[in-house]
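Data first, discussion second: the structure below is written as structure tokens.
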Amino acid sequence: MIDARQGHDVVLVASKHRLLPVEAHGTDTPHPMSPAWANQILVDFDPNQRKNSHRQKDLTMKALTLLLLLIPLLSCTSQTLTSESLSRAEIEAIQERVRQAHPELSSSKQHEVAELVIRAMDNMVFIEGGSFMMGDSSEPCEPGSKRVCWKDYDTDNNHTHKVTLSGYSISRFETTMRDFDLYREVMGKEPYAQDLRAREDRQYLFQPNLPAWTKTWAEAQAYCQWIGELSGTDGNLPTEAQWEYAARERGQDILHATSNGEIDPGENYPSSEERDKTIPVGSYPPNGIGLYDMNYNVSEWVYDWYSEDYYAKSETKDPKGPDNGTLKVLRGGMSASSFGANTTIHRESRKPKRQHYSRLLGFRCGSW
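Take the sequence shown: its position 92, counting from 1, is numbered 412 in the numbering used here, and each next residue is one higher.
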């Protein structure tokens with residue numbers, strides 16, 4: 321804005337609650353947002369105001385009201401969204417999709433949603449497609465022995481079979497409570513476990529960077545599809561084959577999805593003190609392709625229906641599990657489980673809808 325009396329530029333910067341002057345010109349400049357300051361603006365444009373004190377007061381109040389109404393807009397537009405992986409055009413496209421999908425939200429809430437979507441995209445790791453032998457492959461119990469042993473306790477993964485996958489993306493982190501809570505708020509749903517959230521002695525369960533709790537498989541899938549809709553990608557839960565291929569660092573013979581393929585409690589795996597609870601995502605180093613927490617913390621919903629004998633009749637190219645069923649597959653294992661159960665080949669199954677929210681059942685999103 322140009323000061324007409326002195327010919328100086330008056331530069332204003334929007335902050336969260338007020339307008340701040342970058343540079344003040346002259347010792348008599350009124351304090352920003354004071355009545356005298358607003359009045360001085362009016363004087364610049366209406367010299368006759370000095371002759372009418374009543375009109376002066378009225379216009380001063382109107383100016384202040386207008387400026388106060390503009391502050392939230394100036395504040396919001398001054399917040400620049402940034403990304404580690406997206407271009408400016410892609411960021412702006414996400415912002416527009418958020419506005420179109422959720423016009424009922426305030427500008428500040430739309431900004432939060434856009435931040436969430438951009439963060440989700442930055443966390444995606446592209447996995448180059450390829451072929452691998454899926455399942456538990458037996459090996460001699462001892463070198464030279466004819467007796468063979470399986471690598472884990474399961475029997476429903478004993479049928480090793482070849483799978484070929486197209487390229488896809490998967491999140492490096494499990495979905496956090498912060499992001500899932502915001503999604504539920506946007507969808508008009510109340511926070512889950514409100515009775516526990518209200519207790520001071522249970523606040524540790526609801527840290528924003530802990531894995532999200534779930535009650536149903538469908539809400540996990542809906543969240544991933546919502547991220548896909550707003551990002552312009554094919555968001556979904558990863559398939560069981562995609563999950564295992566990524567956990568095994570593109571299908572290598574790796575039993576534990578840690579930084580070195582082994583379990584070292586306190587170094588790359590929860591310590592004994594942490595094994596009875598969930599921990600913030602990314603607390604320990606990732607596996608060799610940058611994925612965190614794939615063999616501990618929470619069990620993760622994947623796309624597929626569960627069938628005990630599915631491995632014996634699985635499709636070879638991009639399998640997505642049986643067409644229907646009564647149980648859904650979970651992968652990853654929980655920190656409280658034994659080392660032998662928390663493997664890259666271990667399969668779990670649960671009913672897709674449970675009675676209560678569980679902190680031990682989470683998920684991560686993919687795109688395929």
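In this text, a Cβ means the ideal position worked out from N, Cα and C, and glycines have one as well. As the structure is a prediction and not an experimental result, all values here were calculated from the model.
{"Item": "Residue environment, A518, which counts as buried when at least 16 other CB atoms sit within 10 Å", "Value": "exposed"}
{"Item": "Strand pairing of T534, partner residues [DSSP]", "Value": "S678"}
{"Item": "Residues near I438 by beta carbon distance below 7 Å, same chain, minus five either side", "Value": "L401, S403, L406, I411 and I414"}
{"Item": "M453 versus H481: straight-line alpha-carbon distance, rounded", "Value": "5 Å"}
{"Item": "DSSP-derived helix/strand/coil call for H345", "Value": "Here H345 scores only 42 on pLDDT, less than 50, and its place in the model should not be relied on; the value that follows carries that caveat. H345 falls in the coil class under three-state DSSP."}
{"Item": "Length at least 3, wholly inside the stretch 500-544: the beta strand (DSSP E) runs in chain order", "Value": "534-536"}
{"Item": "Whether V601 touches G652 by CB criterion (8 Å)", "Value": "no"}
{"Item": "Same chain only: Cβ atoms within 7 Å of A632, ignoring 5 sequence neighbours per side", "Value": "H479"}
{"Item": "Whole-angstrom distance between E424 and V418, CA atom to CA atom", "Value": "10 Å"}
{"Item": "I447 - partner residues in DSSP beta bridges", "Value": "Y488"}
{"Item": "Length of the line joining the Cα atoms of E628 and D476", "Value": "5 Å"}
{"Item": "N- and C-terminal bounds of the alpha helix (DSSP H) containing E435", "Value": "S427 to D442"}
{"Item": "According to DSSP, residues forming a beta bridge with W625", "Value": "K648"}
{"Item": "Where N662 falls, given that 16 or more other Cβ within 10 Å makes a residue buried", "Value": "buried"}
{"Item": "DSSP state of E620 mapped onto helix, strand, coil", "Value": "strand"}
{"Item": "Paired residues, beta bridge with F692 - DSSP", "Value": "Look at the range of the chain in this structure, 321 to 688, and you will see that residue 692 is not part of it."}
{"Item": "Neighbourhood of L525 by C-beta, 7 Å cutoff - its chain only, sequence neighbours within 5 removed", "Value": "L516 and R679"}
{"Item": "Proximity below 8 Å, CB of G455 to CB of I665", "Value": "yes"}
{"Item": "Assigned secondary structure, R670 (DSSP; H/G/I helix, E/B strand, else coil)", "Value": "strand"}
{"Item": "V601 - containing alpha helix (DSSP H), residue span", "Value": "It is not in any alpha helix (DSSP H) - V601 carries neither H nor E in the DSSP assignment."}
{"Item": "Burial state of F446 (16 or more Cβ within 10 Å)", "Value": "exposed"}
{"Item": "G686 - partner residues in DSSP beta bridges", "Value": "I490 and N556"}
{"Item": "Which of helix, strand or coil DSSP assigns to E569", "Value": "coil"}
{"Item": "Local conformation of Y630 per DSSP, three classes", "Value": "helix"}
{"Item": "Other residues of its chain near Y589: CB distance less than 7 Å, five sequence neighbours each side excluded", "Value": "T578, I583, Y604 and Y616"}
{"Item": "Extent of the continuous alpha helix (DSSP H) to which I414 belongs", "Value": "R408 to A421"}
{"Item": "Cβ-based neighbour list, Y503, same chain, cut-off 6 Å, excluding 5 preceding and 5 following", "Value": "Y543"}
{"Item": "Assumed close pair L611, R492 - CB separation to whole angstroms, cut-off 8 Å", "Value": "5 Å"}
{"Item": "For K673, the nearest candidate out of L436, E539 and A532 (CA to CA)", "Value": "E539"}
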